[in-house]
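Asker:
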Amino acid sequence: MNEELDENLILSIKNYAENVYVVHFATSIVGAFFNVPHLFILSMKSMRESSTNSLMIGIAISDLIALFENIFERIYLYWVLDNPCVNFASYRWVLSLWIGDFVRESGERASFWLGVFLALTRLVIMKFPGSYSKISKPILGYFLVILVLSISSFHAARFYSNYVIAPQTYEWTPGRICTGFPTDYSETAYSQKFENLTERKDTIRSYEFVNGVSQVLVSVIYPVLALFLIYEVRKSAKFAAASLSKKSLDDRNRAGRMILVMTVFYVIASAPGGASDFIELFVIVNSLSVLEILVAYGSIMTSALFCLNATSHSIINFTMSSKYRATVKSVLEYGKKDVRVVTV
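Here the working numbering runs 128 ahead of the position in the sequence shown, where the first position is 1.
Structural data, given as structure tokens:
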């Protein structure tokens, strides 16, 4: 009786959790839609004046890498995998998915750590105002972006280089409803295979351990940085309020508040992933259990949270940064001017 109840519960959870894939696809599209113009605005000359803006450019690039790969993977699953007239296991598709897994994981991991450095950089600037001229230089932000992306990519490359694309024992053949194919037509089917099967378990375990530790660290560091930022923003506001310069009040607090809000969103996006990775690292997850389904589908949900977090960046910048809004306005006015010239 209990076993039957457990099976029904697991089946119900699994059926409900399938909707997570649709949410993931939708949030990826929305995230890409917002981040393309966001990156364009951040790349304007008027915006490239500080290390924090350089870091936000790196975050936007990392987000777009992951978002576009999410969209590509969902398109493959929805419109290619079930299409009887397309060889879903062709060398081109398998290679694309292999590269896609590598770039997505590199981008997501880099985005979270760049967010850490963004909050940390702003905290140092607010804590030690005398260091502003050195810490705020754009070159520092670009250096951190290259460093974090390189480390993240190297870690992913070490793992995915263990896979090879090998032909399957069967041939792909088009379905009966497919037209335009010669009689008895077939194509070679490929798949990703671990090159050294004896080291497969240890290699995967090691990679997952590093990923888990990284995610847990991120989910712990963000709340700490958020608390320190809250303290510094409030202290900075009191200091600026005591001065005679209203502009000083606005300038000292606006950037700090904006990055604080971004940090809070990073906390929300990273905490579930950190908890999930912690469970996988230190808790034995039985197969066909409720916990296994929650962990499996939870990874897709945490990726959807990543997409929502990426979407929030442009909205937060637009609502909280006067320089960002001014840049958007200048770009739109320039576009209108071009339209007038063409129509004349």
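Cβ coordinates follow ideal geometry from the N, Cα and C atoms, glycine included. Since this is a predicted model, take the numbers as computed values, not measurements.
According to DSSP, is S178 helix, strand or coil?
Answerer: The residue given as residue 178 occupies position 50 in the sequence shown. Coil, per DSSP.
Asker: Between I444, I185, F216, S427, which has its C-alpha nearest Q320's C-alpha?
Answerer: Position 192 of the sequence shown holds residue 320. Answer by Cα proximity: F216.
Asker: Please list, in chain order, all residues of the same chain as H166 whose beta carbon is under 8 Å from its beta carbon, the five residues on each side excluded.
Answerer: One-based indexing of the sequence shown puts residue 166 at position 38. Answer for H166: A188, H441, S442, N445, listed in chain order.
Asker: What is the residue span of the alpha helix (DSSP H) that K255 lies within?
Answerer: The residue you call residue 255 lines up with position 127 of the sequence shown. First-last of the alpha helix (DSSP H) with K255: 219 to 255.
Asker: Please state whether DSSP places F287 in a helix, a strand or coil.
Answerer: Residue mapping note: residue 287 aligns to position 159 of the sequence shown, counting from 1. If DSSP states are grouped into helix, strand and coil, F287 belongs with the helices.
Asker: Check whether the Cβ atoms of F337 and R328 sit closer than 7 Å, and answer yes or no.
Answerer: Start at 1 with the first residue of the sequence shown, and residue 337 comes out as number 209. Start at 1 with the first residue of the sequence shown, and residue 328 comes out as number 200. No; because the gap between Cβ atoms is not below 7 Å, this pair is not in contact.
Asker: Looking at the structure shown, is V292 part of a helix, part of a strand, or coil, going by DSSP?
Answerer: Sequence index remark: in the sequence shown, residue 292 carries index 164 (1-based). It is a strand residue.
Asker: Would you mind giving the Cβ-Cβ distance between V158 and A432, rounded to the nearest angstrom? I have them listed as a contact below 8 Å.
Answerer: By one-based count along the sequence shown, residue 158 stands at place 30. By one-based count along the sequence shown, residue 432 stands at place 304. Wrong, their Cβ atoms sit about 10 Å apart, outside the cutoff.
Asker: To the nearest angstrom, how far is the alpha carbon of L372 from that of Q343?
Answerer: Sequence index remark: in the sequence shown, residue 372 carries index 244 (1-based). Sequence index remark: in the sequence shown, residue 343 carries index 215 (1-based). Model confidence at L372 stands at a pLDDT of 44, short of 50, so the residue's coordinates are unreliable and nothing is read from them.
Asker: If you drop the 5 nearest sequence neighbours on each side, which residues of the same chain put their C-beta closer than 7 Å to that of L195?
Answerer: Working through the sequence shown from its first residue, we reach residue 195 at position 67. These residues qualify, in order along the chain: S156, G159, A160, N163, C435, A438.
Asker: What does DSSP give as the partner residue(s) for T316 in the beta ladder?
Answerer: As a first step, residue 316 must be located in the sequence shown, where it is residue number 188. Beta-bridge pairing links T316 to E299.
Asker: For S171, collect the residues of the same chain with a Cβ closer than 7 Å to its Cβ; drop the 5 residues on either side in sequence, then sort them by chain order.
Answerer: Translated into the one-based positions of the sequence shown, residue 171 becomes position 43. Answer for S171: I185, listed in chain order.
Asker: Just checking, does the stretch 380 to 397 make contact with the stretch 273 to 286 on the three C-beta pairs under 8 Å criterion?
Answerer: Because the criterion of three Cβ pairs below 8 Å is not met, the stretch 380 to 397 and the stretch 273 to 286 do not touch.
Asker: Count the CB pairs spanning the stretch 199 to 209 and the stretch 238 to 251 that are closer than 8 Å, and state whether there are at least three.
Answerer: No, the stretch 199 to 209 is not in contact with the stretch 238 to 251.
Asker: Excluding sequence positions up to five away, which residues of its chain have a Cβ less than 8 Å from the Cβ of I387?
Answerer: The residue you call residue 387 lines up with position 259 of the sequence shown. Excluding sequence neighbours, I387 sits near T180, L246, A247, R250, L357.
Asker: Provide the residue span of the alpha helix (DSSP H) that contains F153, from first to last.
Answerer: In the sequence shown, residue 153 corresponds to position 25, counting from 1. Run containing F153: 147 to 170, per the alpha helix (DSSP H) assignment.
Asker: Can you grab the Cα-Cα spacing for the pair T326 / S289, in whole Å?
Answerer: Residue 326 sits at position 198 when you count from the first residue of the sequence shown. Residue 289 sits at position 161 when you count from the first residue of the sequence shown. Straight-line Cα distance between these residues: approximately 15 Å.
Asker: Can you give the Cα-Cα distance for M254 and I332, rounded to whole angstroms?
Answerer: Here the question's residue 254 lines up with position 126 in the sequence shown. Here the question's residue 332 lines up with position 204 in the sequence shown. Cα to Cα, the separation comes out at about 41 Å.
Asker: With a threshold of 8 Å, are at least 3 pairs of Cβ atoms found where one atom belongs to the stretch 212 to 226 and the other to the stretch 294 to 308?
Answerer: The stretch 212 to 226 vs the stretch 294 to 308: in contact.
Asker: Name the DSSP beta bridge partners of K321, please?
Answerer: On the sequence shown, residue 321 is found 193 positions in, with the first residue counted as 1. In the DSSP output, where bridge partners are listed per residue, K321 has V292.
Asker: If you run the structure through DSSP and keep just helix, strand and coil, what is P212?
Answerer: Position 84 of the sequence shown, counted from the start, is the residue given in the question as residue 212. Coil, per DSSP.
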